[in-house]
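Heads up: the structure comes next, in structure tokens.
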Amino acid sequence: MNHVGRKGRLFVVVSMLLLVLAGCSGKPYLSALTPQGENGEMLYDLMMLTTVLMTIVTLVVVLIFIYVATKFRRTKQKENMIPKQVEGSHKLEITWTVIPIIILLIIAVPTVSATFKLDPKQIDIPEDAIHVNVTGKLYWWEFEYPDEKIITSQDLVIPAGERVYLSLIAGDVKHSFWVPALAGKIDVNTDNENEMWIHAYNEGVYYGKCTELCGPSHALMDFKVKVLSKEDYNKWLADMQKPTEVPVDATAKAGQEVFAKSCIGCHAVDSNDPRPAPARLAPNLSNFADRERVAGIKELTPENVHAWIADPEAMKPGNKMSNTYKLNPDEIEAVTQYLLTLSKEAK
Numbered sequence: 001m002n003h004v005g006r007k008g009r010l011f012v013v014v015s016m017l018l019l020v021l022a023g024c025s026g027k028p029y030l031s032a033l034t035p036q037g038e039n040g041e042m043l044y045d046l047m048m049l050t051t052v053l054m055t056i057v058t059l060v061v062v063l064i065f066i067y068v069a070t071k072f073r074r075t076k077q078k079e080n081m082i083p084k085q086v087e088g089s090h091k092l093e094i095t096w097t098v099i100p101i102i103i104l105l106i107i108a109v110p111t112v113s114a115t116f117k118l119d120p121k122q123i124d125i126p127e128d129a130i131h132v133n134v135t136g137k138l139y140w141w142e143f144e145y146p147d148e149k150i151i152t153s154q155d156l157v158i159p160a161g162e163r164v165y166l167s168l169i170a171g172d173v174k175h176s177f178w179v180p181a182l183a184g185k186i187d188v189n190t191d192n193e194n195e196m197w198i199h200a201y202n203e204g205v206y207y208g209k210c211t212e213l214c215g216p217s218h219a220l221m222d223f224k225v226k227v228l229s230k231e232d233y234n235k236w237l238a239d240m241q242k243p244t245e246v247p248v249d250a251t252a253k254a255g256q257e258v259f260a261k262s263c264i265g266c267h268a269v270d271s272n273d274p275r276p277a278p279a280r281l282a283p284n285l286s287n288f289a290d291r292e293r294v295a296g297i298k299e300l301t302p303e304n305v306h307a308w309i310a311d312p313e314a315m316k317p318g319n320k321m322s323n324t325y326k327l328n329p330d331e332i333e334a335v336t337q338y339l340l341t342l343s344k345e346a347k
């Protein structure tokens, strides 16, 4: 019976460990353990340093515990034996005071150094550096390129191999900006602007998340960082600065008319729309058809676009679109077709 009980306990322990390990991701686009940029690599090195040190400390403590528990365990032969008392030993007190100080210094020096390197205010920013204003809102992200006069949403596009400097602020409640593979987390506040820089070694798509509980759809407040070659990035900038094309399809034209009567009050369909930041109430849709996700979470398909417009609350609870215009099925279909024509990229 005891044998079966031990097996059962072992099974439970192993199962729990497997569940914990299942939460780890080896995919570079969503893991801080596979850094893909300068910023992320610095933080990874700090994590590894502290992990190795704490592992050594844990092993030493466990070995000492096993040694003491074995050597000084009570037996019939040593029932009345009292080990040598070391209370007041200056050597021991100095030892267990100095060792933690050394460990803290080993951690503190590279941590402070990295803190200064990661703070844009502490480094010289090149005149031609790329600046992006990031605004977190319920439950989406806006990215404004002030020098290029471009505004987009949900997708932060940057060139590979360059530092991009971000100014972050929240438009409603507090959020937090995190791209695990590329950079550490930073608070996005409503009353003050925070700054950071981000860097990617290689081209690709890396996923980011809001990590500050901000409402019922906090877990769905995702975004992407699209890293392009310098040539492709410059082309993307040029494409985004082009005016939005007028749809040719009759259904899409009807959708444009419906959009102009209802959605245009919150959404813009021009990447350099001049409206001020407080009036940008909803994501800019100028390159909607070029995105991979609807509402940042669902695959971009006509069915998902239709479902989002018909019932945004079902897809993303608590979003501000849920209490606005209600369209009939024909209008929803027309707007869906219109949105799928909003492309800036050459096909």
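Position one of the sequence shown corresponds to residue 1 (full-length UniProt numbering), numbered consecutively onward.
Where is the CB? At the ideal position from N, CA and C, for every residue including glycine.
1. Ignoring anything shorter than 4 residues, give me the alpha helix (DSSP H) runs that lie fully in the stretch 66-137, in order along the chain.
2. Report the option in 325, 52, 300 whose CA atom is closest to the CA atom of residue 264.
3. Does DSSP put residue 1 in a helix, in a strand, or in coil?
4. Just verifying my parser: in three-state terms, what is the DSSP assignment at residue 50?
5. Curious, which full-length beta strand (DSSP E) runs of at least 3 residues does the stretch 195-264 contain?
6. Is residue 175 buried or exposed, if buried means 16 or more other CB atoms sit within 10 Å of its CB?
7. Any idea what DSSP makes of residue 152, helix, strand or coil?
8. From residue 341 to residue 240, what distance separates their C-alpha atoms?
9. Are there 16 or more other CB atoms within 10 angstroms of the CB of residue 96, so buried, or fewer, so exposed?
10. Going by DSSP, what residues sit across from residue 140 in a beta bridge?
11. Compare the Cα-Cα distances from residue 84 to each of 71, 42, 256, 251 and report the closest residue.
12. Per the DSSP calculation, residue 298 is bridged to which residue(s)?
13. Restricting to Cα atoms, I'd like to know which of 128, 280, 138 is closest to residue 148.
14. Count the other C-beta atoms from every protein chain shown that fall within 10 angstroms of the C-beta of residue 164, then say buried if there are 16 or more, exposed otherwise.
15. Can you grab the Cα-Cα spacing for the pair residue 333 / residue 124, in whole Å?
16. For the alpha helix (DSSP H) containing residue 30, list its first residue and its last residue.
17. Measuring alpha carbon to alpha carbon, tell me which of 181, 271, 168 ends up nearest residue 195.
18. Determine the direct distance from the alpha carbon of residue 267 to that of residue 154, and round the result to whole angstroms.
19. Buried or exposed: where does residue 1 fall if 16 or more other Cβ atoms within 10 Å of its Cβ makes it buried?
20. Starting from the Cα of residue 321, find the closest Cα among 308, 277, 339 and give me that residue.
21. What's the C-alpha gap between residue 8 and residue 16?
22. Here's the rule I'm using: 16 or more other beta-carbon atoms within 10 Å means buried, otherwise exposed. How should residue 90 be labelled?
23. With distance defined between alpha-carbon atoms, name the residue in 278, 336, 297 nearest to residue 303.
24. Nearest-angstrom Cα distance between residue 11 and residue 116?
25. With residue 166 as the anchor, note down where its beta strand (DSSP E) starts and where it stops.
26. From residue 343 to residue 158, what does the alpha carbon distance come to, in whole angstroms?
27. With a threshold of 8 Å, are at least 3 pairs of Cβ atoms found where one atom belongs to the stretch 210-228 and the other to the stretch 100-115?
28. Here's a check: name, in chain order, each residue in its chain whose Cβ is nearer than 6 Å to the Cβ of residue 32, leaving out the five neighbours to either side.
29. Ordered along the chain, which non-local residues of its own chain (more than five positions away) have a Cβ less than 7 Å from that of residue 54?
30. Which residue comes first and which comes last in the beta strand (DSSP E) that contains residue 173?
31. Using the three-state DSSP reduction, which class does residue 187 fall into: helix, strand or coil?
32. Nearest to residue 316 by alpha carbon, out of 252, 260, 221, 329?
The answer reads as follows:
1. 90-118
2. 325
3. Confidence at residue 1 is low in this model, with a pLDDT of 48, below 50, so the placement of that residue is unreliable and no value is reported for it.
4. It is helical.
5. The stretch 195-264 contains these whole beta strand (DSSP E) runs: 204-210, 222-228.
6. Around the beta carbon of residue 175, 16 or more other beta carbons lie within 10 angstroms, which makes this residue buried.
7. strand
8. Between residue 341 and residue 240, the C-alpha separation is close to 14 Å.
9. exposed
10. 137
11. 71
12. Answer is 294, bridged to residue 298.
13. 128
14. buried
15. 51 Å
16. Premise fails: residue 30 is in no alpha helix (DSSP H) and is neither H nor E.
17. Ranked by how close their Cα comes to the Cα of residue 195, the residues 181, 271, 168 have 168 in first place.
18. 13 Å
19. Low local confidence applies: a pLDDT of 48 at residue 1 is under 50, so the model's placement there is unreliable, with the coordinate-based value given in what follows. Exposed, since its Cβ has fewer than 16 Cβ neighbours within 10 Å.
20. 308
21. When rounded, the distance between both Cα atoms is 12 Å.
22. exposed
23. 336
24. 47 Å
25. Where residue 166 is concerned, the enclosing beta strand (DSSP E) stretches over 164-170.
26. 19 Å
27. no
28. 180
29. none
30. Here residue 173 belongs to no beta strand (DSSP E), and DSSP marks it neither H nor E.
31. strand
32. 221
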